[in-house]
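Working notes, structure below.
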Amino acid sequence: MSKEAITYGIVGYPVKHSLSPLMHNTAFTELDIPAVYKLFPLKEEELPAFFEGLRKKDSSIFGLNVTVPYKEAVIPFMDSLSPFAKRAMSVNVVVISEDRKLTGYNTDGPGFLAHLAELQFNTCDKRIAILGAGGTTRAILTSLCLIPERPESIKIYNRTSEKAEALVKDLSQRMDTSLVEIVTSIDDLNIEICDLLINTTSVGLNDPDSTLIGAEQLHSNLLVYDVVYEPPETKLLKLAKEQGAKTSNGLGLLFYQGMLSFHHWAGQELPNDIKKKIRDLLEKGAKA
Ligand code: ATR
4 MSKEAITYGI VGYPVKHSLS PLMHNTAFTE LDIPAVYKLF PLKEEELPAF FEGLRKKDSS
64 IFGLNVTVPY KEAVIPFMDS LSPFAKRAMS VNVVVISEDR KLTGYNTDGP GFLAHLAELQ
124 FNTCDKRIAI LGAGGTTRAI LTSLCLIPER PESIKIYNRT SEKAEALVKD LSQRMDTSLV
184 EIVTSIDDLN IEICDLLINT TSVGLNDPDS TLIGAEQLHS NLLVYDVVYE PPETKLLKLA
244 KEQGAKTSNG LGLLFYQGML SFHHWAGQEL PNDIKKKIRD LLEKGAKA
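Under my numbering, the first residue of the sequence shown carries the number 4, and numbering increases by one thereafter.
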């Protein structure tokens, strides 16, 4: 029997709409790497056996992405965490060594910062408003609290404010969160004096008519960053554009976290022409 191909993949539930296989299988093909990237839709009760299986000498799996809802749940299965993953307490990349040791990384936070850099947005002394307090905010907020170009302020609004409180309380044990304030109404975000508005909620996902923010709160000095990319232009981004704001959907974050994931697994950065090809495919994939 032929040996199974070197395997990478994404663990989550659900994962069937993930664009990560498109990204990584393109990279493997372009580089002639005999590996395959698969979907691993797992129920929570299946996680222990799956991660135990990774420790077997004959396992063909050498790396994983982890997505919703398991970025925190997989941490006990790791042998070690990168310094950033340890601060965020969130893992979206697993590297499995030849001797079957598991190291957890987080590339969501660094991926977000890489995209902000591409957008030429410098966080130094900026006023930032965030909608949502889930896993994406956890990674983004960790980055924004640790970045040397320290923002002036970060305000967070979440539908369930207790979740925002719990998130910031947790992060505050491992970093300086004194610039973060939780507000209990969208008005109190003071978007009118902000430089950056980030939506990490799923409002607008596959729904071109939903938004938490009205046109009257948006303005031309704002970068509006919606982590949603299906549809590529959410109602929030449409309204923001109409008000003259700069806008971005979440495809850049998806792309950069993926490129950083690949780097962790392959130990090499992809050549620029392949990166460009992958980025174009993602744009098309998100519109499909
Ligand atoms: P992710 O990892 O993508 O951040 P998540 O951890 O499930 O996903 O977080 C989803 C976020 O979207 C949460 O902040 C959630 O708010 P609650 O904490 O109140 O549940 C937010 N969210 C989802 N649906 C929402 C809605 N209809 N209105 C407002 N916020 C919503």
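Cβ atoms here follow ideal geometry from the backbone N, Cα and C, with glycine treated the same way.
If you're wondering where the values come from, they're calculated on a predicted model, not measured in any experiment.
C-alpha distance - residue i paired with residue j, whole-angstrom precision
| i | j | result |
| --- | --- | --- |
| Tyr232 | Lys41 | 22 Å |
| Met4 | Gly112 | Reliability of the predicted coordinates at Met4 is poor, the pLDDT of 41 falling under 50, and the value obtained from them is presented with this limitation in mind. Answer to the nearest angstrom: the Cα atoms are 42 Å apart. |
| Lys74 | Ala142 | 10 Å |
| Asn161 | Pro72 | 18 Å |
| Glu219 | Val227 | 14 Å |
| Thr32 | Ile64 | 18 Å |
| Leu57 | Ser156 | 42 Å |
| Ala2 | Leu192 | The first residue shown for the chain is 4 and the last is 291, placing residue 2 beyond what the model contains. |
| Pro24 | Asp210 | 24 Å |
8 Å Cβ cutoff met for residue i and residue j
| i | j | result |
| --- | --- | --- |
| Ile194 | Ile159 | no |
| Gly154 | Leu147 | Reading off the sequence shown, one finds Pro at residue 154, where the question assumed Gly. Result yes, Cβ atoms of Pro154 and Leu147 sit closer than 8 Å. |
| Val14 | Leu84 | no |
| Thr140 | Ser164 | no |
| Leu134 | Ile201 | yes |
| Leu254 | Ala289 | yes |
| Ser264 | Val77 | no |
| Asp198 | Ile281 | no |
| Thr237 | Gly207 | yes |
| Gly12 | Phe54 | no |
| Val39 | Asn28 | yes |
| Thr203 | Gly137 | yes |
| Glu152 | Thr126 | yes |
Ligand 1 heavy atom lying under 7 Å from the CB of residue i
| i | result |
| --- | --- |
| Leu170 | no |
| Lys166 | yes |
| Leu215 | yes |
| Val98 | no |
| Thr203 | yes |
| Gly253 | no |
| Val69 | no |
| Ala91 | no |
| Val206 | yes |
| Thr139 | yes |
| Ala136 | yes |
| Thr110 | no |
| Asn95 | no |
| Thr163 | yes |
From the options, residue whose alpha carbon lies closest to that of residue i
| i | options | result |
| --- | --- | --- |
| Gly107 | Ala120, Phe80, Ala142 | Phe80 |
| Ile150 | Gly135, Met262, Phe124, Asp173 | Phe124 |
| Asp61 | Arg130, Thr10, Val97 | Thr10 |
| Glu168 | Leu45, Pro24, Glu184 | Glu184 |
| Arg103 | Glu47, Leu116, Asp82, Lys287 | Asp82 |
| Pro274 | Pro24, Leu22, His20, Leu34 | Leu34 |
Span of the alpha helix (DSSP H) around residue i
| i | result |
| --- | --- |
| Ser264 | 254 to 269 |
| Phe54 | 50 to 56 |
| Pro86 | 86 to 91 |
Beta strand (DSSP E) segment containing residue i, residue limits
| i | result |
| --- | --- |
| Gly15 | 9 to 15 |
| Glu236 | Here Glu236 belongs to no beta strand (DSSP E), and DSSP marks it neither H nor E. |
| Ser23 | It is not in any beta strand (DSSP E) - Ser23 instead sits in the alpha helix (DSSP H) that spans 23 to 33. |
| Arg153 | Premise fails: Arg153 is in no beta strand (DSSP E) and is neither H nor E. |
| Ser251 | 249 to 251 |
| Lys41 | 38 to 44 |
| Val97 | 96 to 99 |
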